[in-house]
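One structure is given here, and the rest of the page talks about it.
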Amino acid sequence: MWPRRARCAPEVRDGAGRTFTFGADGGRVSRVHHDEVPSDLWTERQAEGYDDPDDPRFSPQLLERTTRFLAELAEGGRALEFAIGTGRVAIPLQQRGVEVSGIEYSPAMADRLRRKTTEIPVVIGDMATTRVDGEFSLVYLVFNTIGNLYTQEAQVACFRNAARHLRPGGRFVVEVGVPGLRRLPPGQDAVPFAVTEQHLGFDTYDLVTQRAVSHHYARQEDGSYRYSPHNFRYVWPSELDLMAQLAGFAPEARYADWDRAPFTADSDSHVSVWRLPG
């Protein structure tokens, strides 16, 4: 069920007619700004705000665990990051001595990375089809970004593109959430994941197409709220294993997190590793 509404809490109605609550601050939301384009292709404004040091994804502890895991799997070879973004993972991984290259769909995000370092080459393009020169020991794709490919065919193509870049015995690593469909109340298609006075976030699911939208209402300094949608296709762990098999990979490991905690039926996300023969 939806979180209980606080008294006098501000409300926002989305395009589908649903009304949502932010938290009690004694006022009503009077202005909601909509992003000019969906966040699937990050604009310059969105890219400028991506590197938020208060975001848990940027915590030094998480990045230390993430890059240690990836550096071990690279085994001294080169690494390629699909959807490299602003270098959240790539830069600290390179600082561990791993030679890193990247593919990035958004020029604005790639520009942010280039302002930080000129030592990580980035190719602008789609991670399902774009090629990078050379051969790699590791290809990796983090933080649910496999879902940015909206069809099963495109996700399979991503696995095949990873295989094309890898040397024999090379590995492909994907970090992605487990679809939260068990939390859906009967007859509803939405699951909240953030409910604070500053941020309301919820996912809506199409159970037929496996397409979903993350809806974000973020409070601005002037008291208004900015609405940003993010489209994705959710994918099951077993479905990923079949995609990997179609691309020539064999499963090597699946963990609940970068610390290699066991993956269980209660895990919210997973880090999965597949390996080419050789």
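Quick note: the sequence shown uses our numbering, first residue 573, plus one each step.
Backbone N, C-alpha and C define an ideal beta-carbon position, used for all residues, glycine too.
Asked: Pull the bridge partners of serine 844 from the DSSP assignment, please.; Found: Val746 and Arg826
Asked: Please report the straight-line C-alpha distance between proline 764 and glycine 749, rounded to a whole angstrom.; Found: 15 Å
Asked: Would you call the stretch 797-807 and the stretch 715-731 touching, i.e. three or more CB-CB distances under 8 Å?; Found: yes
Asked: Terminal residues of the continuous beta strand (DSSP E) containing alanine 790?; Found: 783-791
Asked: Indicate whether leucine 642 and valine 746 have their beta-carbon atoms separated by less than 8 Å.; Found: no
Asked: Leucine 738: buried (16+ other C-beta within 10 angstroms of its C-beta) or exposed?; Found: buried
Asked: Tell me where the alpha helix (DSSP H) around valine 728 begins and ends.; Found: 724-737
Asked: Using only CA atoms, which one of Ala790, Thr781, Val780 and Arg832 lies nearest to phenylalanine 774?; Found: Ala790
Asked: How should threonine 768 be labelled, buried or exposed, when 16 other C-beta atoms within 10 angstroms of its C-beta is the threshold for buried?; Found: exposed
Asked: Let's test the definition: count the other Cβ atoms within 10 Å of the Cβ of leucine 779 and tell me whether it reaches 16, buried, or not, exposed.; Found: exposed
Asked: Mind listing, in chain order, the continuous alpha helix (DSSP H) runs of no fewer than 4 residues lying wholly within the stretch 672-724?; Found: 679-688
Asked: Who does threonine 768 pair with in a DSSP beta bridge?; Found: According to DSSP, which records beta bridges pairwise, threonine 768 is partnered with nothing at all.
Asked: Look at the alpha carbon of phenylalanine 821 and the alpha carbon of glycine 697, and state the distance between them as a whole number of angstroms.; Found: 23 Å
Asked: What span of residues does the beta strand (DSSP E) with glutamate 653 cover, start to end?; Found: 651-654
Asked: Given a cut-off of 8 Å on the beta-carbon distance, is the pair valine 845 and alanine 825 in contact?; Found: yes
Asked: Going by DSSP in three states, proline 632 sits in which element: helix, strand or coil?; Found: helix
Asked: Give me, in chain order, the residues of the same chain whose beta-carbon lies closer than 6 Å to that of alanine 816; leave out the 5 immediate sequence neighbours on both sides.; Found: Phe731 and Trp846
Asked: So for glycine 598, helix, strand or coil by DSSP?; Found: At glycine 598 the pLDDT is 34, less than 50, meaning the model places this residue with poor confidence; the figure from the coordinates comes in the next sentence. Three-state result, glycine 598: coil.
Asked: In terms of residues, what are the limits of the beta strand (DSSP E) holding serine 810?; Found: That residue, serine 810, is in no beta strand (DSSP E); its alpha helix (DSSP H) goes 809-818.
Asked: Output the boundary residues of the alpha helix (DSSP H) element that contains proline 664.; Found: 662-667
Asked: Would you mind giving the Cβ-Cβ distance between aspartate 761 and tyrosine 777, rounded to the nearest angstrom? I have them listed as a contact below 8 Å.; Found: 5 Å
Asked: Enumerate in chain order the residues of its own chain whose CB-to-CB distance from serine 786 is below 6 Å, with the five nearest sequence positions on each side excluded.; Found: Asp775 and His802
Asked: Quick check: does the Cβ of phenylalanine 731 come within less than 7 Å of any heavy atom belonging to the ligand MG?; Found: For the ligand MG, the structure offers nothing, since it holds no ligand at all.
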